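So the structure is just underneath, and the comments pick up after that.
Number of protein chains: 2
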Amino acid sequence: MSETPDSAVRTYIENHRAAFLQDLAEWLRIPSVSAQPDHAEDVRRSAEWLAGRLKETGFPTAEVWQTPGAPAVFAEWPSGDPHAPTVLVYGHHDVQPAAREDGWHTDPFEPVLQENRLYARGAADDKGQVFFHTLGVRAHLAATGRTAPAVNLKLLIEGEEESGSPHFRELIETHKDRIAADAVIVSDTGMWSKDTPTVCTGMRGLAECEIVLHGPDQDIHSGSFGGAVPNPATEIARLVAALHDENGHVAIPGFYEGITELTDQERELLAELPFDEESWLRTAKSHATHGEAGYSTLERVWARPTAEVNGIGGGYQGAGSKTIIPSSALVKLSFRLVAGQDLDHVEQAVRAWAAATVPAGIRHTVTFSPGTRPCLTPLDHPALRSVARAMGRAFEQPIRFTREGGSGPAADLQDVLAAPVLFLGISIPSDGWHAPNEKVEIDLLLKGVETTAYLWGDLAENWRDAR
Amino acid sequence: MSETPDSAVRTYIENHRAAFLQDLAEWLRIPSVSAQPDHAEDVRRSAEWLAGRLKETGFPTAEVWQTPGAPAVFAEWPSGDPHAPTVLVYGHHDVQPAAREDGWHTDPFEPVLQENRLYARGAADDKGQVFFHTLGVRAHLAATGRTAPAVNLKLLIEGEEESGSPHFRELIETHKDRIAADAVIVSDTGMWSKDTPTVCTGMRGLAECEIVLHGPDQDIHSGSFGGAVPNPATEIARLVAALHDENGHVAIPGFYEGITELTDQERELLAELPFDEESWLRTAKSHATHGEAGYSTLERVWARPTAEVNGIGGGYQGAGSKTIIPSSALVKLSFRLVAGQDLDHVEQAVRAWAAATVPAGIRHTVTFSPGTRPCLTPLDHPALRSVARAMGRAFEQPIRFTREGGSGPAADLQDVLAAPVLFLGISIPSDGWHAPNEKVEIDLLLKGVETTAYLWGDLAENWRDAR
Ligand SMILES: [Zn+2]
Ligand SMILES: [Zn+2]
Chain A
1 MSETPDSAVR
11 TYIENHRAAF
21 LQDLAEWLRI
31 PSVSAQPDHA
41 EDVRRSAEWL
51 AGRLKETGFP
61 TAEVWQTPGA
71 PAVFAEWPSG
81 DPHAPTVLVY
91 GHHDVQPAAR
101 EDGWHTDPFE
111 PVLQENRLYA
121 RGAADDKGQV
131 FFHTLGVRAH
141 LAATGRTAPA
151 VNLKLLIEGE
161 EESGSPHFRE
171 LIETHKDRIA
181 ADAVIVSDTG
191 MWSKDTPTVC
201 TGMRGLAECE
211 IVLHGPDQDI
221 HSGSFGGAVP
231 NPATEIARLV
241 AALHDENGHV
251 AIPGFYEGIT
261 ELTDQERELL
271 AELPFDEESW
281 LRTAKSHATH
291 GEAGYSTLER
301 VWARPTAEVN
311 GIGGGYQGAG
321 SKTIIPSSAL
331 VKLSFRLVAG
341 QDLDHVEQAV
351 RAWAAATVPA
361 GIRHTVTFSP
371 GTRPCLTPLD
381 HPALRSVARA
391 MGRAFEQPIR
401 FTREGGSGPA
411 ADLQDVLAAP
421 VLFLGISIPS
431 DGWHAPNEKV
441 EIDLLLKGVE
451 TTAYLWGDLA
461 ENWRDAR
Chain B
1 MSETPDSAVR
11 TYIENHRAAF
21 LQDLAEWLRI
31 PSVSAQPDHA
41 EDVRRSAEWL
51 AGRLKETGFP
61 TAEVWQTPGA
71 PAVFAEWPSG
81 DPHAPTVLVY
91 GHHDVQPAAR
101 EDGWHTDPFE
111 PVLQENRLYA
121 RGAADDKGQV
131 FFHTLGVRAH
141 LAATGRTAPA
151 VNLKLLIEGE
161 EESGSPHFRE
171 LIETHKDRIA
181 ADAVIVSDTG
191 MWSKDTPTVC
201 TGMRGLAECE
211 IVLHGPDQDI
221 HSGSFGGAVP
231 NPATEIARLV
241 AALHDENGHV
251 AIPGFYEGIT
261 ELTDQERELL
271 AELPFDEESW
281 LRTAKSHATH
291 GEAGYSTLER
301 VWARPTAEVN
311 GIGGGYQGAG
321 SKTIIPSSAL
331 VKLSFRLVAG
341 QDLDHVEQAV
351 RAWAAATVPA
361 GIRHTVTFSP
371 GTRPCLTPLD
381 HPALRSVARA
391 MGRAFEQPIR
401 FTREGGSGPA
411 ADLQDVLAAP
421 VLFLGISIPS
431 DGWHAPNEKV
441 EIDLLLKGVE
451 TTAYLWGDLA
461 ENWRDAR
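Chains as they are written, first to last, in full-length UniProt numbering: chain A, 1 to 467; chain B, 1 to 467.
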């Protein structure tokens, strides 16, 4: 009986599993914490280590790219087929801070294999999910007998994602030609659960601003002046209260302009996910759901734009009391955006709304930080179909679709490369991203390997001449 | 031509003016800053100094009363007339902190006489206004030929007013019998202006609380959960926005219950004051007036109850942004109360309102600090008429009526002694209470002396057998 490609892939993975895990553990031992300056050398070592390993994997090109901050790694393996599509895999090699005293059962930078889970900082976010691409491409070659991947394969592995990717946009604009691709595959997200493998089809965008209201030129006595002059703390509250109408819709005129509404098919697919409100609330550490009328919780977090208060402050916040009218008050707002919303338009709408809402006698300033555009790949996009198909083969079950409520540098790739962004992640909510005792499930990690082993062939076959 | 009592009083004051100012300067040199522990000894010295000076003035009794904090001074001078009313003068001998580097042109504790003003910390608040009672009672005796004042005169001069009077209530309850009086005269406020002498007829009460809203058990990611769970920072803003209706009325059900509305006569008298909105706004360091519809600025700050935000806070308030839904948010509210409002009733109304306003999924706590009751003396009260008449003689012009928007320990005296509280102060807004370069106008200080020289006789004559 001749081996099917699937069993050839599985056999290859099984045979290389131990070495793969050993290598990953070696990488996880490098504490590449980008947010902590005293780990700058470790982040540099992590980049060097990865570039070396990618060369050993077979990538003809594997380079460390310097930035004004931490270095990124770029690798490239041309297909040799002039009709093959080009794919850029995005991930990051830096990790969140971690210390034993935060509640880790073991040293966060000494990987521990226990009950088929690998515990270490970065095991899931994101070293594990970057690293499955190495064994994946080898399995792809071994099972197909090829000497180069079926697609032009590029990897861009950032070193500052956990620090907010401050130089990423500049990096990809500088190297725009070298990273050019027909599709971006982001391996820095997760799936619904172990039993319900999913593909994410989009991330929300993000516009953030700070609004400061200035009232009296200094704090004044609330006994002497209270009730007769505008109080910026009261007015900031009124401004926030005016953000939403009584149905939870964002009440800023023009905010929803241009948005791509959920299709009936998308709503049906989301509704099919085995959503359990109680367990979702436990994950959210919250005690009730609350939001825009007419939408389910998943729709609210994945597919609806929001206005959220990240911080509010003004006046006296210490122990006891202080009878003042504060001189100023501020609010930090973040707006999650969905496909069709334009960052500039949202900014202008917020500015106009604030100007119209703040009363006489209060001066206001609105400061926006650079935003992140939303990204969304239509369900019928051929590259998305390939990802779902490859995952389906690996998991041997149908793949469902999710979205991601957060926002990420993936959107910058979408903009700069003018390419659709796809998400391939095998991490699950219990993996503990950014938390103590982060882990990855070995079975799922190897499903990630297997998915990529199928994906390049599927993409090349079904999406030729994409350029 | 025989001397009228008024000219006798004036002559006496003129003759003793230099010594009076010299004595006051000696007292002002003692830096009796109650809020600074390293000045505890100075506050004690200040009390001893005052008790000594009151004995020299002629008070048969002058004692230093210890408290768990800074000492008070009590002095008593019986009239000898069994029908005479008893008056308790309240003031304080402690002062606000002051340092040259805060913007003082001269050493705050080295009094400087310049252009008929005495500059020093405490010159107006409150040593100057306490001290005019010493020369005042001597002038009263000299002009009338009496050997004891026409009223039973008591003085209670606190040592912790600038630290929030933490032991005052306990002090006056302990010594309730010795300080018993038919009327309290507070000499710790001011007048409208140099050209418009006024008597204050009441102070607002004060109820203060902190409301904390608890949402998620810890800060959660606003990308992952935003738009689908209640956000305590948003909810605290909505709570604050619900404090007032669109006319600026406090919207807490039951808040206005029982209040004594302004009479037409009071509104007319207030409207007669030479109020200049621009200059008031300059004093308020504010850029617009704003408040309850249907009331003037003076009515709003003196005679209407208010709900004011002294502080609001929750979530991230530092530089840049942080995409969280905060776990909790708080607001510090103060309610100014007017005559007829009951502290307990207001507290219950606020608690009921908060419970009814905070949405599901948000836990809330409301914590009230001990409150201060409002006090108000009717315009036709005989003791108030006496104060106005005595001031009218001293200033040689009609006296107008004001109120005080703030709240003070005077209300405790009103409660414990069950006696009306009257206000006799000669300080003016430009005196710079709590600010650098505090001063008192010598002419006005001596008008204070002169007023008390007339007051005791007037009170005894027009308000006999008050007990
Ligand atoms: Zn990540
Ligand atoms: Zn004072």
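All C-beta atoms in this analysis are idealised placements derived from N, C-alpha and C, irrespective of residue type, glycine included.
The model shown is predicted, which means the values in this text are computed figures rather than measured ones.
Worksheet item: V151 of chain B: which of B:E261, B:D195 and B:A183 sits nearest, CA to CA?
Response: Locating residue 151 of chain B in the second sequence gives position 151, counting from the first residue. Answer by Cα proximity: B:A183.
Item to complete: Would you give the residue range spanned by the alpha helix (DSSP H) that Q414 of chain B belongs to?
Response: Counting from one through the second sequence, the residue named residue 414 of chain B turns up at place 414. Here the alpha helix (DSSP H) through Q414 of chain B covers A410 to L417.
Worksheet item: Taking Cβ positions, are I428 of chain B and E438 of chain B nearer each other than 9 Å?
Response: Here residue 428 of chain B refers to the residue found at position 428 of the second sequence. Here residue 438 of chain B refers to the residue found at position 438 of the second sequence. It is not a contact, given that the beta carbons lie outside the stated cut-off.
Practice prompt. Please confirm if A354 of chain B has its CB atom under 9 Å from at least one CB of chain A.
Written response: Residue 354 of chain B sits at position 354 when you count from the first residue of the second sequence. A354 of chain B does not count as touching chain A.
Fill in: Exercise answer, beta-carbon shell around ligand 2 heavy atoms below 5 Å
B:D125, B:D126 and B:D188
Worksheet entry | DSSP-derived helix/strand/coil call for M1 of chain B | On the second sequence, position 1 is the one that residue 1 of chain B refers to. In this prediction, M1 of chain B has a pLDDT of 34, which is less than 50 and means its spatial position is unreliable; what the coordinates show is noted afterwards. Three-state result, M1 of chain B: coil.
Worksheet entry | beta-carbon W433 of chain A near ligand 1 non-hydrogen atom, thresh 8 Å | The residue you call residue 433 of chain A lines up with position 433 of the first sequence. Yes, since a heavy atom of ligand 1 falls inside the 8 Å radius drawn around the Cβ of W433 of chain A.
Worksheet item: Which residue's Cα is closest to the Cα of D380 of chain A: A:F275, A:N462 and A:T357?
Response: Taking the first sequence and counting its residues from 1, one reaches residue 380 of chain A at position 380. Selected option, being the one with the closest Cα: A:N462.
Discussion item. At a CB distance below 7 Å, what residues from the stretch 287-317 of chain A approach chain B? Give them in sequence order.
Written reply: H287, A288, T289, H290, G291, E292, T297, R300, V301, R304, T306, E308, V309, N310, G311, I312, G313, G314, G315, Y316 and Q317
Discussion item. Run through the DSSP bridge pairs and tell me what T61 of chain B is partnered with.
Written reply: Your numbering for residue 61 of chain B matches position 61 in the second sequence. Answer by DSSP bridge pairing, in chain order: B:E76.
Practice prompt. May I ask which residues mark the beginning and end of the alpha helix (DSSP H) holding I442 of chain A?
Written response: Translated into the one-based positions of the first sequence, residue 442 of chain A becomes position 442. Taken as a continuous stretch (DSSP letters only), the alpha helix (DSSP H) holding I442 of chain A covers I442 to N462.
Worksheet item: If you draw a straight line from the alpha carbon of L243 of chain A to that of S407 of chain A, how long is it in whole angstroms?
Response: Here residue 243 of chain A refers to the residue found at position 243 of the first sequence. Here residue 407 of chain A refers to the residue found at position 407 of the first sequence. Cα to Cα, the separation comes out at about 21 Å.
Worksheet item: Is the stretch 163-180 of chain A close to the stretch 99-106 of chain A, with three or more CB pairs under 8 Å?
Response: no
Practice prompt. For G392 of chain B, I'd like the list of residues in its chain whose CB is within less than 7 Å of its CB, leaving aside the five on either flank, ordered along the chain.
Written response: Walking along the second sequence from the start, residue 392 of chain B turns up at place 392. So the qualifying residues of the chain are P398 and I399.
Discussion item. Strictly below 9 Å CB to CB, what residues from chain B border V338 of chain A?
Written reply: Here residue 338 of chain A is taken as the residue at index 338 of the first sequence, counted from 1. Chain B residues near V338 of chain A: none, gap ~11 Å exceeds 9 Å.
Worksheet item: If you measure from the CB of H364 of chain A, is any heavy atom of ligand 1 nearer than 8 Å?
Response: Start at 1 with the first residue of the first sequence, and residue 364 of chain A comes out as number 364. No - ligand 1 has no heavy atom lying nearer than 8 Å to the Cβ of H364 of chain A.
Worksheet item: Does the beta carbon of V358 of chain A come closer than 9 Å to any beta carbon on chain B?
Response: Here residue 358 of chain A refers to the residue found at position 358 of the first sequence. Answer no: the Cβ-Cβ gap between V358 of chain A and chain B never drops below 9 Å.
Discussion item. For T67 of chain B and A237 of chain B, I'd like the C-alpha separation in whole angstroms.
Written reply: Locating residue 67 of chain B in the second sequence gives position 67, counting from the first residue. Locating residue 237 of chain B in the second sequence gives position 237, counting from the first residue. If I take the Cα positions, the gap works out to 42 Å.
Worksheet entry | For F109 of chain A, the first and last residue of its enclosing beta strand (DSSP E) | The residue labelled residue 109 of chain A in the question sits at position 109 within the first sequence. Taken as a continuous stretch (DSSP letters only), F109 of chain A belongs to no beta strand (DSSP E), as it is neither H nor E.
Worksheet entry | Under 8 Å by beta carbon: chain A residues contacting R204 of chain B | Working through the second sequence from its first residue, we reach residue 204 of chain B at position 204. Within chain A, the residues near R204 of chain B are G223.
Practice prompt. Specify, as a first and last residue, the run of the alpha helix (DSSP H) that L384 of chain B falls within.
Written response: Along the second sequence, read from residue 1 onward, the residue named residue 384 of chain B stands at position 384. Its alpha helix (DSSP H) spans residues P382 to F395.
Worksheet item: Is the beta carbon of H92 of chain A within less than 8 Å of some heavy atom of ligand 1?
Response: Locating residue 92 of chain A in the first sequence gives position 92, counting from the first residue. Yes, the Cβ of H92 of chain A comes within 8 Å of a heavy atom of ligand 1.
Fill in: Backbone CA spacing between E3 of chain B and L135 of chain B [nearest angstrom]
In the second sequence, the residue the question calls residue 3 of chain B occupies position 3. In the second sequence, the residue the question calls residue 135 of chain B occupies position 135. At E3 of chain B the pLDDT is 44, less than 50, meaning the model places this residue with poor confidence and gives no usable figure here.
Worksheet item: G457 of chain B CB to nearest chain A CB: under 9 Å?
Response: Taking the first residue of the second sequence as 1, we reach residue 457 of chain B at position 457. Chain A, which has no Cβ nearer than 9 Å to the Cβ of G457 of chain B, makes this no.
Worksheet item: Are the C-beta atoms of S430 of chain B and some chain A residue less than 9 Å apart?
Response: One-based indexing of the second sequence puts residue 430 of chain B at position 430. Closer than 9 Å: no.
Worksheet item: Residues of chain B with a CB under 8 Å from the CB of S321 of chain A: which are they?
Response: Working through the first sequence from its first residue, we reach residue 321 of chain A at position 321. Within 8 Å Cβ-Cβ: E208, E210, N310, K332, S334 and S369.
Worksheet item: Using DSSP with H/G/I as helix, E/B as strand and the rest coil, what is L273 of chain B?
Response: Taking the second sequence and counting its residues from 1, the one referred to as residue 273 of chain B is at position 273. L273 of chain B: coil per DSSP, three-state reduction.
Worksheet item: Where does T367 of chain A sit, in a helix, a strand or coil, going by DSSP?
Response: As a position in the first sequence, residue 367 of chain A is number 367, starting the count at 1. Strand, per DSSP.
Worksheet item: Just how far apart, CA to CA, sit V43 of chain A and A435 of chain A?
Response: Position 43 of the first sequence holds residue 43 of chain A. Position 435 of the first sequence holds residue 435 of chain A. Distance between the alpha carbons of V43 of chain A and A435 of chain A: 20 Å.
Worksheet item: Roughly how many whole angstroms lie between the Cα atoms of A18 of chain A and L118 of chain A?
Response: Here residue 18 of chain A refers to the residue found at position 18 when the first sequence is read from its first residue. Here residue 118 of chain A refers to the residue found at position 118 when the first sequence is read from its first residue. Going from the Cα of A18 of chain A to the Cα of L118 of chain A covers about 12 Å.
Item to complete: Would you check if the distance between the CB atom of V366 of chain A and the CB atom of R169 of chain A is smaller than 9 Å?
Response: Along the first sequence, read from residue 1 onward, the residue named residue 366 of chain A stands at position 366. Along the first sequence, read from residue 1 onward, the residue named residue 169 of chain A stands at position 169. No, these two residues do not count as a Cβ contact at 9 Å.
Item to complete: Please go through the same chain and pick out, in chain order, the residues whose beta-carbon is closer than 8 Å to the beta-carbon of H287 of chain A, but skip the five residues on each side of it.
Response: For the purposes of this step, residue 287 of chain A is taken as residue 287 along the first sequence, with counting starting at 1. If we look at H287 of chain A and ignore the five residues flanking it on each side, its Cβ neighbours are L281.
Worksheet item: What do you reckon, is the C-beta of E404 of chain A under 8 Å from a heavy atom of ligand 1?
Response: Taking the first residue of the first sequence as 1, we reach residue 404 of chain A at position 404. No; taking the cut-off as 8 Å, the Cβ of E404 of chain A has no heavy atom of ligand 1 nearer than that.
Worksheet item: Between L422 of chain A and L384 of chain A, which are expected to be in contact by the criterion C-beta below 8 Å, what is the C-beta distance as a whole number of angstroms?
Response: Taking the first residue of the first sequence as position 1, residue 422 of chain A is located at position 422. Taking the first residue of the first sequence as position 1, residue 384 of chain A is located at position 384. L422 of chain A to L384 of chain A, Cβ: 6 Å. Contact.
Worksheet item: Would the beta-carbon of F132 of chain A fall within 9 Å of that of G448 of chain A?
Response: The residue you call residue 132 of chain A lines up with position 132 of the first sequence. The residue you call residue 448 of chain A lines up with position 448 of the first sequence. It is a contact, given that the beta carbons lie within the stated cut-off.
Worksheet entry | Opening and closing residue of the alpha helix (DSSP H) in which S222 of chain A lies | Indexing the first sequence from 1 puts residue 222 of chain A at position 222. Where S222 of chain A is concerned, the enclosing alpha helix (DSSP H) stretches over S222 to F225.
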